[in-house]
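**Q** Take the sequence shown: its position 248, counted from the start at 1, is 647 in the numbering used here, and no numbers get skipped. Dropping a structure here in structure tokens format, bear with me for questions.
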Amino acid sequence: MAGKWLDTEIVFKGTIPDDISTTGVQGEETALFNPFRAIDRRDGKDLDNNDALIRILKNSEIAISLKTIGNAFFPRVVTIGVTPTVIIEPNRYPRGYAIINPNSTTSGVTNLVTVFASTVFAAGDTFSGAFNVSGYGGAAFFLNITASTAASMQVNLQTLDPVSGNWFIAQNDIFAAAVAAGQYYAPVGSLGIDNQMRLMVRVVGGTVTASIGASLKPALAAVVAGPSVFIGPAEVNTTVGYPLVSGQQERFWLRENTALYGIAVAAQNVNVFELQ
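The structure is reproduced here in structure tokens:
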């Protein structure tokens with residue numbers, strides 16, 4: 400019936416709490432921020448999150464690439480002393496390095512020989528001594544004529560047959576019928592530079608005064624000499640260090656917070672290239 404309480408109705412008995420009747424429910428305030436907005440400069444349209452992230456990543460990759468190129472092609476010189484010297488300071492992240500020991504001298508690459516000292520070549524054939532050229536890849540000859548009364552002069556390059564022991568002509572007239580006083584040059588390459596080589600000088604109709612020299616190169620084996628650098632931790636020495644010999648290049652990949660030291664018998668420089 401209207402206006403009458405039902406026996407099953409729940410009736411609150413007691414005082415109403417202040418936080419509901421007067422103060423209200425208390426809580427922490429939350430600040431709302433506008434979402435990130437990215438706009439394409441070309442058309443002024445908004446970019447969705449995926450497009451914006453893709454462009455950010457591309458720009459980051461370009462920046463990293465430029466930094467890598469700058470580091471990789473920027474060498475620095477470190478002077479290594481007779482006590483452990485820091486070559487590479489610790490880094491925050493792993494990085495690679497190329498280290499070159501440029502202190503080298505090379506011998507044995509070229510052999511200069513006198514085939515004929517100043518000689519008066521009479522009419523007929525004159526043969527030089529034999530030269531062992533088994534360790535060389537090619538040769539060049541120098542002819543210096545100081546006087547001539549001959550009608551013709553021909554210089555032939557000969558090589559030794561290892562079976563018969565006979566000398567064969569490998570190249571004819573290497574100076575192209577030179578007979579007048581003057582200087583002549585003949586690069587013969589590797590043809591005839593086998594094991595044993597000699598020259599045959601043929602003069603017709605007079606005499607020729609001349610000298611002939613030769614340059615044998617490149618040597619198939621050479622001697623490289625120079626000081627070494629020894630690389631390792633802060634305690635490195637010339638006994639247990641990793642040797643970086645003269646003219647050698649090595650690459651090292653160092654973890655984060657790792658330093659590299661070097662030591663030498665006498666102070667010398669090394670070239671360091673930083674990689675990524």
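Think of the CB as a built atom: it goes at the ideal place given N, C-alpha and C, for glycine as much as any other residue.
1) Under a three-way DSSP split, which group does R650 fall into?
2) For the candidate residues A609, N571 and L559, whose alpha-carbon lies nearest to that of Y583?
3) Once you ignore the five residues that flank N543 on each side, which residues in its own chain have a CB closer than 7 Å to its CB?
4) Could you compute how far the alpha carbon of L619 sits from the alpha carbon of N656?
5) Under 8 Å by Cβ, that's how I've got F520 and V602 pegged, so tell me the actual separation to the nearest angstrom.
6) For V639, count the other beta carbons within 10 Å of its own beta carbon; 16 or more makes it buried, fewer makes it exposed. Which is it?
7) Anyone know if the C-beta pair for T482 and I630 falls short of 8 Å?
8) Please return the same chain residues whose Cβ sits closer than 6 Å to the Cβ of M400, not counting the five positions on each side in sequence.
9) Count the other CB atoms within 10 Å of the CB of L674; is the residue buried (16 or more) or exposed (fewer)?
10) Curious, which full-length alpha helix (DSSP H) runs of at least 4 residues does the segment 470 to 519 contain?
11) If we call anything under 8 Å between Cβ atoms a contact, is A613 one with A539?
12) Measuring CB atoms only, is the segment 559 to 567 touching the segment 590 to 599, in the sense that at least three cross pairs come out at less than 8 Å?
13) Return helix, strand or coil for S547, following the three-state DSSP convention.
14) Given D439, which residues of its chain have a CB within under 7 Å of its CB, disregarding the five upstream and five downstream residues?
15) So what does DSSP say about S563, is it helix, strand or coil?
16) V476: buried (16+ other C-beta within 10 angstroms of its C-beta) or exposed?
17) Please state if the CB of Y496 and the CB of V669 are separated by a distance shorter than 8 Å.
18) Suppose you measure from the CA of V635 to the CA of I486; what does that come to, to the nearest Å?
19) Closest by CA to S627, which one among P642, L615 and I455?
**A** Taking the coordinates as given:
1) By 1-based counting over the sequence shown, the position of residue 650 is 251. The answer is strand: DSSP assigns R650 an E or B state.
2) Reading the sequence shown from its first residue, position 184 is the one you call residue 583. Checked all of A609, N571 and L559; the closest Cα to Y583 is A609.
3) Here residue 543 refers to the residue found at position 144 when the sequence shown is read from its first residue. Result list for N543: Q582, A609 and S610, in chain order.
4) As a first step, residue 619 is located in the sequence shown; it is residue number 220 there, counting from the start. As a first step, residue 656 is located in the sequence shown; it is residue number 257 there, counting from the start. Near 44 Å, if we compare the C-alpha coordinates of N656 and L619.
5) Working through the sequence shown from its first residue, we reach residue 520 at position 121. Working through the sequence shown from its first residue, we reach residue 602 at position 203. Rounded to whole angstroms, the Cβ separation of F520 and V602 is 5 Å, and the two are in contact under 8 Å.
6) Locating residue 639 in the sequence shown gives position 240, where the first residue counts as 1. With fewer than 16 other Cβ atoms within 10 Å, it is exposed.
7) Walking along the sequence shown from the start, residue 482 turns up at place 83. Walking along the sequence shown from the start, residue 630 turns up at place 231. No, these two residues do not count as a Cβ contact at 8 Å.
8) Within the sequence shown, the letter at position 1 stands for residue 400. Note that M400 has pLDDT 47, beneath the 50 cutoff, so the model's placement of it is unreliable and no number is given.
9) Start at 1 with the first residue of the sequence shown, and residue 674 comes out as number 275. So L674 counts as exposed.
10) Listed in chain order, nothing qualifies, since the segment 470 to 519 has no complete alpha helix (DSSP H) run of 4 or more residues.
11) Working through the sequence shown from its first residue, we reach residue 613 at position 214. Working through the sequence shown from its first residue, we reach residue 539 at position 140. A contact, by the Cβ cut-off of 8 Å.
12) Yes: at least three Cβ pairs fall under 8 Å.
13) Residue mapping note: residue 547 aligns to position 148 of the sequence shown, counting from 1. Residue state, collapsed to three classes: strand.
14) As a position in the sequence shown, residue 439 is number 40, starting the count at 1. Excluding residues within five positions, the ones whose Cβ falls inside 7 Å are L446.
15) One-based indexing of the sequence shown puts residue 563 at position 164. Under the three-state reduction of DSSP output, S563 falls in the coil class, being neither helix nor strand.
16) Taking the sequence shown and counting its residues from 1, one reaches residue 476 at position 77. Classification of V476: exposed, given that the 10 Å Cβ count is below 16.
17) Reading the sequence shown from its first residue, position 270 is the one you call residue 669. Reading the sequence shown from its first residue, position 97 is the one you call residue 496. In this structure, Y496 does not lie closer than 8 Å to V669 by Cβ.
18) Here residue 635 is taken as the residue at index 236 of the sequence shown, counted from 1. Here residue 486 is taken as the residue at index 87 of the sequence shown, counted from 1. A direct Cα-Cα distance of roughly 12 Å separates V635 from I486.
19) If you number the sequence shown from 1, residue 627 lands on position 228. Looking at the Cα atoms, P642 is the closest of the given residues.
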